[in-house]
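Engineer: First the structure, then my questions, so here it is.
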Amino acid sequence: MGGGLGPIPYQAKLFSEFVPVAEMLPLAQAVARVFARLGEKKNRARARMKFLVAQVGIAEFIRLVREEREKLPYDPRWTSYLDEAVAFQEQLLLPGSAVDFEGRSAEFVRWARINAQPQRQPGYSTVTVFLPLGDINSEQLRGLARLCRRFVRDTVRTTVEQNVVVRWVPNGSLPDFYDGLVELDLAQVGAGRLADITACPGTDSCKLGITSSRGLAGLLHQKFNNGLGDLADRSDLKIKISGCFNSCGQHHIADIGFFGSVQRKGNHVAPVFQVLLGGTTKGNASAYGLSVAKVPAQNAPAVVKRLADLYTNEHADSESFPEFVRRLGKARIKEELKELTALPSYEENQDFYKDNRQPWDFHMSTGEGECAGEVVEQSEFLFEDADRLVFEATLAFDEGRQEEAVAKALQAQTKAADALLVQRGLLLSDKYNTIEKFRKLFYETGEFYAPFAENFCRAAERGQQDLGEELTRRRLEEATLFIEMAQTVYSRMAGAEV
Ligand code: SF4
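In the working numbering, each residue carries its 1-based index in the sequence shown increased by 84.
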């Protein structure tokens with residue numbers, strides 16, 4: 085319980101190893117009641133169970149749920165549906181059979197090896213209809229429905245990877261199924277391979293979108309057909325792309341994740357992507373991608389190529405990409421990507437100020453999104469910077485550069501303070517004194533939790549210095565808490581204006 089992605093991912097916590105089926109509904113009811121009673125009511129962005137679980141702790145949450153469960157009066161509907169549920173079991177249309185690859189076309193054999201997986205039940209395969217960018221038109225959908233009725237009856241499934249999965253295809257029917265897909269132009273090879281990219285709608289249709297996630301996915305597909313062909317078939321890497329930090333494209337749980345952001349240079353704003361590496365869905369999403377760099381959208385394909393080559397050349401035997409990333413370390417990977425992170429000026433190269441697959445200059449305009457996220461504002465970017473800086477401070481600390489860690493921690497806090505000041509109406513371009521303004525508007529007014537505000541002001545007075553290991557560690561903790569508190573104050577302010 086309490087898992088979720090979004091700007092900051094939370095790993096789900098185990099409620100119980102085993103719940104009897106008859107307990108599913110009453111348990112869900114008890115969870116919903118606890119959340120309804122204690123969950124966030126005012127701030128829409130915080131109205132998620134993951135925040136409540138994190139706030140009270142999983143042990144207390146479980147206690148509350150069990151207590152609530154005890155209070156529920158018995159309801160026969162908790163179990164009455166179980167008798168009817170049997171009716172929803174799939175009925176097989178055709179008996180299982182074997183396929184003979186002898187004499188079949190190379191295209192079919194390749195498709196069958198990659199897009200069809202043998203089922204546990206002998207004689208059947210699960211076929212993945214690979215949909216680049218998740219796109220399928222109405223004629224193809226109708227055609228696919230007809231095809232499925234011939235071989236498997238009515239049940240098909242859409243996947244989180246934006247493909248369609250068809251189960252219970254008899255192996256002997258795979259050649260005919262494939263021919264049917266070819267006629268519909270749905271027989272692309274690549275399910276589960278690097279070419280099988282997940283991308284959220286991004287700026288194509290989502291008003292919260294900052295960059296074109298589908299544009300980048302489309303560009304990568306184009307490059308896979310022309311130039312990066314050797315990468316398309318790799319099964320050891322996955323890419324997921326979101327158009328902003330809200331993570332609808334699930335960038336945290338991919339080997340290579342991208343999320344859209346912006347970077348200003350002079351009078352122009354360029355689309356950029358944050359690159360996160362080493363996320364995985366395995367082990368209950370046991371690792372989330374680590375942010376390593378921000379790269380111009382134009383350079384994202386080159387980043388994929390660079391990372392894939394690095395992994396090929398330097399990975400140890402059977403080392404997965406997430407393991408490889410952890411072993412190599414953020415600093416080394418960042419260095420490898422360094423030249424690709426540079427954003428040329430508009431005058432030097434205007435292409436960098438266009439989003440992928442869009443002919444016009446990039447501009448930022450956001451509104452109400454397709455998901456339940458909040459409108460993206462400048463403060464959000466400042467918080468992103470603050471998070472990045474505090475992370476860099478941690479890196480510096482890990483590597484023994486304590487003075488730098490102290491300086492970065494202060495920079496991170498300053499960014500978070502700026503985020504609040506911008507939300508209050510100040511313009512960064514006014515070049516105000518952040519400490520002075522923060523003290524006046526947030527510290528002296530009591531709007532900010534005093535101990536954290538004091539730490540910040542004191543650290544700013546002290547400036548950069550070597551504090552020794554223990555105090556440096558404390559500074560990092562203070563900086564983290566300050567940013568967290570600033571996020572809370574910001575949410576409150578944003579909520580008050582709605
Ligand atoms: S809000 Fe979600 S769908 Fe919209 S751009 Fe951001 S991540 Fe993509």
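From the three backbone atoms N, C-alpha and C, an ideal C-beta is built for every residue, glycine too. Predicted, not measured: the structure shown is a model, and the values here were computed from it.
#1: With DSSP as the reference, identify every bridge partner of Arg390, one or two as the case may be.
#2: Measure how close the beta-carbons of Ala283 and Gly363 come, nearest whole angstrom, since I'm counting them as under 8 Å.
#3: Among Leu555, Met577, Val490 and Gln495, which one has its Cα closest to the Cα of Leu525?
#4: Are the region 432 to 441 and the region 475 to 488 in contact at 8 Å, needing three or more beta carbon pairs?
#5: For Thr210, report the span of its beta strand (DSSP E) as first-last.
#6: Under DSSP, the beta strand (DSSP E) around Phe357 begins and ends at which residues?
#7: Please state the DSSP three-state secondary structure of Phe342.
#8: Got a sec? Which residues, its chain only, sit under 7 Å from Ala114 by beta carbon, not counting five neighbours each side?
#9: Which residues does DSSP pair with Ser326 in a beta bridge?
#10: Using DSSP with H/G/I as helix, E/B as strand and the rest coil, what is Arg298?
#11: Flag Leu494 as yes when its Cβ comes closer than 7 Å to any non-hydrogen atom of ligand 1, and as no otherwise.
#12: Relative to ligand 1, is the shortest distance from any of its heavy atoms to the C-beta of Pro206 smaller than 7 Å?
#13: Whole-angstrom Cβ separation of Gln175 and Arg237, contact assumed at under 8 Å?
#14: What do you get for Asn310, buried or exposed, if any count of 16 or more other CB atoms within 10 angstroms of its CB means buried?
#15: Per DSSP, which one or two residues make a beta bridge with Ser257?
#16: Could you give the C-beta distance for Pro385 and Leu321, rounded to a whole number, given that I count them as a contact under 8 Å?
#17: I'd like to know whether the C-beta atoms of Gly286 and Thr295 end up nearer to each other than 8 Å.
#18: Check the DSSP bridge columns for Gly88 and list the partner residues they point to.
#19: Can you list, in chain order, the residues of its chain whose CB lies under 7 Å from that of Phe135, leaving out five sequence neighbours each side?
#20: Leu89: which of Glu545, His336 and Leu178 sits nearest, CA to CA?
#21: What is the DSSP secondary structure of Arg132, reduced to helix, strand or coil?
#22: Can you list, in chain order, the residues of its chain with a C-beta nearer than 6 Å to that of Phe343? Leave out the 5 residues immediately preceding and following it.
Structural biologist: This is what the structure holds:
#1: Paired residues: none, contrary to the question.
#2: Ala283 to Gly363, Cβ: 15 Å. No contact.
#3: Ranked by Cα distance from Leu525, the options Leu555, Met577, Val490 and Gln495 are led by Met577.
#4: The way I'd put it, the region 432 to 441 doesn't touch the region 475 to 488; fewer than three beta-carbon pairs between them come closer than 8 Å.
#5: Segment Tyr208 to Val213, the beta strand (DSSP E) holding Thr210.
#6: Secondary structure note for Phe357: its beta strand (DSSP E) is the uninterrupted segment His352 to Leu361.
#7: Phe342 falls in the strand class under three-state DSSP.
#8: Non-local C-beta neighbours of Ala114 in its own chain, meaning closer than 7 Å and more than five positions away in sequence, comprise Val149, Glu152, Arg153 and Leu156, ordered along the chain.
#9: According to the DSSP secondary-structure assignment, Ser326 is paired through a beta bridge with Phe343.
#10: In this structure, Arg298 counts as helix in the three-state DSSP scheme.
#11: Not under cutoff, so the answer is no.
#12: No, the Cβ of Pro206 stays beyond 7 Å of every heavy atom of ligand 1.
#13: Contact holds; Cβ gap of about 6 Å.
#14: Exposed: under 16 other Cβ atoms inside 10 Å.
#15: Beta-bridge pairing links Ser257 to no other residue.
#16: Not a contact, Cβ separation roughly 14 Å.
#17: It is a contact, given that the beta carbons lie within the stated cut-off.
#18: For Gly88, DSSP records a beta bridge to Tyr94.
#19: Excluding residues up to 5 positions away in sequence, Glu124 lie with their Cβ nearer than 7 Å to the Cβ of Phe135 in the same chain.
#20: Checked all of Glu545, His336 and Leu178; the closest Cα to Leu89 is His336.
#21: Residue state, collapsed to three classes: coil.
#22: For Phe343, where only same-chain residues beyond five positions count, the Cβ hits under 6 Å are Ser326, Phe329, His335 and Gln358.
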